[in-house]
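The sequence shown begins at 0 in numbering that gives the first Met the number 0 and counts up by one.
Where a beta carbon is used, it is the ideal one built from N, C-alpha and C, also for glycine.
Notes to accompany the following structure.
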Amino acid sequence: MNVKKSVLGRGLEALIEDANTQRKEFDGINKIKIVNIENNPFQPRTHFDEELLNELAESIKELGIIQPVTVRKIADNKYQLISGERRLRASKIAGLEEIPAFVREADDNGMLEMALVENIQREDLDAIEVAVSYNRLIDECKLTQEKLSERVGKQRSTITNYLRLLKLPPEIQLGLRQRKISMGHARALINVEDNDTQIMIFHQILRYDFSVRKVEDVVRELSAVSDKPATPRTKLTAELKQLREKISKQLKCKVDVKKSADGIGKIVLSFQNDKEFNKLINHLTKE
Numbered sequence: 000m001n002v003k004k005s006v007l008g009r010g011l012e013a014l015i016e017d018a019n020t021q022r023k024e025f026d027g028i029n030k031i032k033i034v035n036i037e038n039n040p041f042q043p044r045t046h047f048d049e050e051l052l053n054e055l056a057e058s059i060k061e062l063g064i065i066q067p068v069t070v071r072k073i074a075d076n077k078y079q080l081i082s083g084e085r086r087l088r089a090s091k092i093a094g095l096e097e098i099p100a101f102v103r104e105a106d107d108n109g110m111l112e113m114a115l116v117e118n119i120q121r122e123d124l125d126a127i128e129v130a131v132s133y134n135r136l137i138d139e140c141k142l143t144q145e146k147l148s149e150r151v152g153k154q155r156s157t158i159t160n161y162l163r164l165l166k167l168p169p170e171i172q173l174g175l176r177q178r179k180i181s182m183g184h185a186r187a188l189i190n191v192e193d194n195d196t197q198i199m200i201f202h203q204i205l206r207y208d209f210s211v212r213k214v215e216d217v218v219r220e221l222s223a224v225s226d227k228p229a230t231p232r233t234k235l236t237a238e239l240k241q242l243r244e245k246i247s248k249q250l251k252c253k254v255d256v257k258k259s260a261d262g263i264g265k266i267v268l269s270f271q272n273d274k275e276f277n278k279l280i281n282h283l284t285k286e
């Protein structure tokens, strides 16, 4: 009997200690009027799916708010959101006037860090939003990659792979954000040094629905070609220049002819957009 009391006593003591610890970090869960909550100016998420927000709003109407949002107090009856913007937006759609919230003390830097780390844990964040969040934590919160790795519970190699996505051309970053290509596609494209070639392969992915394995093969082949020793390039003869102009007029695109002294070379056909690309392909493949 004494043993049971002792065990029970330790359990209650642990619960009380946990509760006291939480009170030091939060002022507690409060019901706060939604009109008194400002949006988070450090919000890293830039896109909110309306359909998913409406689904969450319906769930809130039926079940209520299961997980409180987190805010900081900035004045009497005035709060600023730290995390939980989807829940706040969905609550407004659901017609709620109040929302349960943790009230937490935080300065601007602390708010930014908490908002970024909290959002990174969300599964519906796109790869570029994650990469931008990592980059902001490093630049604005002065975290090293090692410290960031500990803070978000990710390996440093994972963080590095995300950060490298920000070196891709804006068009490809947008394609990744719109989920036209996957993270695997993007990681393969990173290994291509030339931006124009990256965009060319990106268009091929969209047009021909290339798998990640196919893109990796294409990039590997391009790398193998570029690693070959360069041979001296000769000046184009008048005949070759005339041929280049003739091809350019027929295909209605810019044409570049490269030819080495040993007879090896290539003809490069350039296009500026999908419309020009499609016209060129149709011209080349017609019987």
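Whole-angstrom Cβ separation of residue i and residue j, contact assumed at under 8 angstroms?
| i | j | result |
| --- | --- | --- |
| E84 | N39 | 6 angstroms |
| F270 | L283 | Rounded, the Cβ-Cβ distance is 11 angstroms, inconsistent with contact. |
| I198 | E220 | I198 to E220, Cβ: 18 angstroms. No contact. |
| A105 | I81 | 6 angstroms |
| K265 | K274 | No, K265 and K274 are not in contact; Cβ-Cβ is about 24 angstroms, not under 8 angstroms. |
Would the beta-carbon of residue i fall within 7 angstroms of that of residue j?
| i | j | result |
| --- | --- | --- |
| A187 | V218 | yes |
| L175 | I119 | no |
| N35 | Y78 | yes |
| A185 | L164 | yes |
| A322 | I59 | Any property of residue 322 remains undetermined from this structure, which presents the chain solely from 0 to 286. |
| L115 | R135 | yes |
In terms of DSSP beta bridges, what is residue i paired with?
| i | result |
| --- | --- |
| V70 | L80 and V102 |
| N29 | A100 |
| G264 | K258 |
Let me know the secondary structure DSSP gives residue i once reduced to three states.
| i | result |
| --- | --- |
| S210 | coil |
| K258 | strand |
| K285 | coil |
| I36 | strand |
| S269 | strand |
| K253 | strand |
| P168 | coil |
| K3 | Note that K3 scores a pLDDT of 39, beneath 50, so its modelled location is shaky and nothing firm can be said. |
| L235 | coil |
| I158 | helix |
| S181 | coil |
| T196 | helix |
| G174 | helix |
| G94 | coil |
| L124 | coil |
| F276 | helix |
| H46 | coil |
| K146 | helix |
| G152 | coil |
| E139 | coil |
| V116 | helix |
| I65 | coil |
| N190 | coil |
| D216 | helix |
Leaving aside the five residues before and after residue i along the sequence, list all residues of the same chain whose C-beta is less than 7 angstroms from its C-beta, in chain order.
| i | result |
| --- | --- |
| E12 | Low confidence applies here, because E12 scores a pLDDT of 43, under 50, leaving its location unreliable and the question unanswered by this model. |
| F25 | Unreliable placement is indicated for F25, whose pLDDT of 41 sits below 50; the coordinate value is still reported in the next sentence. Closer than 7 angstroms at Cβ, skipping near neighbours: F101, V102 and R103. |
| K23 | With a pLDDT of 38 at K23, under the threshold of 50, the modelled position of this residue cannot be trusted, and the question is left open. |
| Y133 | L147, I158, Y161 and L162 |
| Q203 | F209 |
| M113 | I81, S82 and A105 |
| S247 | K253 and V254 |
| Q241 | none |
| R307 | Outside the shown range of the chain, which is 0 to 286, sits residue 307, and nothing can be said about it. |
| V68 | L80, S82, G83, R86, L87, I98 and A100 |
| K72 | Y78 and V102 |
| E117 | S82 |
Do we get a CB-CB distance below 7 angstroms when we pair residue i with the residues of chain C?
| i | result |
| --- | --- |
| E57 | Here there is only one protein chain, and chain C is not present. |
Would you say the beta carbon of residue i comes nearer than 6 angstroms to a heavy atom of the ligand ATP?
| i | result |
| --- | --- |
| N108 | No copy of the ligand ATP appears in this structure; indeed no ligand is present at all. |
Please go through the same chain and pick out, in chain order, the residues whose beta-carbon is closer than 6 angstroms to the beta-carbon of residue i, but skip the five residues on each side of it.
| i | result |
| --- | --- |
| Q172 | I127 |
| Y207 | none |
| Q21 | Its pLDDT being 37, under 50, Q21 is placed unreliably by the model, and nothing is read from it. |
| G8 | For G8, the predicted model reports a pLDDT of 40, less than 50, meaning its position is unreliable; a value from the coordinates is still stated below. Hits under 6 angstroms: none found. |
| D125 | R176 |
| I201 | Note that residue 201 corresponds to Phe in the displayed sequence, not to Ile. For F201, where only same-chain residues beyond five positions count, the Cβ hits under 6 angstroms are I171. |
| M182 | A126 |
| V191 | Q197 and V218 |
| E215 | A187 |
| R243 | V254 and V256 |
| I180 | G174 and I204 |
Near residue i, what residues of its chain come up, given a Cβ to Cβ distance below 8 angstroms and the 5 sequence neighbours on each side ignored?
| i | result |
| --- | --- |
| I33 | L87, S90, K91, L95, E96, E97 and I98 |
| V70 | I31, I36, Y78, Q79, L80, I81, A100, F101, V102 and R103 |
| T239 | Here residue 239 turns out to be Leu, not Thr, going by the sequence shown. V256 and K258, listed in sequence order. |
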